[in-house]
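Peer 1: Start counting the sequence shown at 1; every next residue gets the next number (the numbering used here).
Each residue gets a CB set at the ideal place from its N, CA and C atoms; glycine is no exception.
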Amino acid sequence: MLGKTIAKNIRKYRKKLGLTQVQLAKKANIPYSTYLNIELAYTLNPSIQMIVKIAKALGVSVDELIKD
């Protein structure tokens, strides 16, 4: 599922940057609860707007977050 792939990749890039979940949510300018649901794959189809915000905050392309 795409949501699980995105979650795995977000976690990988977040840890690579040494950011906490709270820090990344703030950097992406999205509510922490929304971010957490995406990273934990509770939201299986996150909106493209959220994916774009998170990708920008991580300094990666959307493609990097959705590739398996």
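What first and last residue would you give for the alpha helix (DSSP H) that runs through Asn87?
Peer 2: Outside the modelled stretch of the chain, which goes from 1 to 68, sits residue 87, for which no answer is possible.
Peer 1: Rounded to whole angstroms, how far is the Cβ of Gly3 from the Cβ of Asn45, which I believe are closer than 8 Å?
Peer 2: The count along the sequence shown starts at 1 and reaches residue 3 at position 3. The count along the sequence shown starts at 1 and reaches residue 45 at position 45. With 8 Å as the limit, Gly3 and Asn45 qualify as a contact, their Cβ atoms being about 6 Å apart.
Peer 1: Between the Cα of Gly59 and those of Ser33, Leu36, Ala28, Ala41, spot the shortest distance and give me the residue it belongs to.
Peer 2: Here residue 59 refers to the residue found at position 59 when the sequence shown is read from its first residue. Cα-wise, what sits closest to Gly59 is Ala28.
Peer 1: In angstroms with no decimal places, state the Cα-to-Cα distance between Asp63 and Ile6.
Peer 2: Walking along the sequence shown from the start, residue 63 turns up at place 63. Walking along the sequence shown from the start, residue 6 turns up at place 6. Cα-Cα distance, rounded: 10 Å.
Peer 1: Take the Cβ of Tyr32 as the centre, count every other Cβ of all protein chains shown within 10 Å, and call the residue buried at 16 or more, exposed below.
Peer 2: Mapped onto the sequence shown, residue 32 falls at position 32. That one is exposed.
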